[in-house]
Amino acid sequence: MIKVDIPGRGRYELHNLVLDMNGTLAVDGIIPDQVLHRIETLSQGLTVYLITADTYGKLESQKDKIAATIERVHPPGEALQKAAFIEKIGASACIAIGNGSNDVEMLKKAQLGIVVIGGEGCATDALLAADIIVNRSEDALDLLANTKRLIATLRK
């Protein structure tokens, strides 16, 4: 669990981390080792979920490498499926990290939404739905490992 008091926002108690795979964590369907390592470290205090439509078809080759429970979404309606998943596990205790239009609703529902621009870019509507914007998935995960960064970014 991550507990953090953010001046002007209140106390956050976060139990669940929901990660979009493609464009957010993975590059062309492959999750880099430095990202996997960070997720493994965070999984010791958070329940981690990888949510994906598996755009590149590489989930099978990645699923045993990541310290996360896999949640598949299927077209049509991936955005609504992701949002429903956030609600199911408890939106008020959830962090969501994504980059695409199909991540917008989960970013809005989660207590803390982080958008990753990354090499694939970021959908404008996802950018506007997030609480925090970062360049790389490593930056997003490092914010969670060092909560003083969250305070510095979100305090009012």
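Okay, so the sequence shown: first residue is 42 according to our numbering, each after it adds one. The C-beta atom is built at its ideal place from N, Cα and C for all residues, glycine as well. Just so we're clear, the structure is a prediction, and the values are computed from it rather than from any experiment.
P73 and L55 have their C-alpha atoms some 25 Å from each other. Of the candidates I155, T194 and I136, I155 places its Cα closest to the Cα of L169. A137 sits close to L148, with the two beta carbons spaced by under 8 Å. In this structure, the beta-carbon distance from K106 to I127 does not fall below 8 Å.
Fewer than three beta-carbon pairs drawn from the segment 45-54 and the segment 69-88 are found closer than 8 Å, and the two stretches are therefore not classed as touching.
By a beta-carbon distance limit of 8 Å, I92 does not contact D46. Their separation comes to about 28 Å. Assigned with DSSP and collapsed to three states, A151 falls in coil, not helix or strand. With respect to T65, N140 sits close: the two C-beta atoms are nearer than 8 Å. For K44, the uninterrupted beta strand (DSSP E) run begins and ends at I43 to I47, by DSSP.
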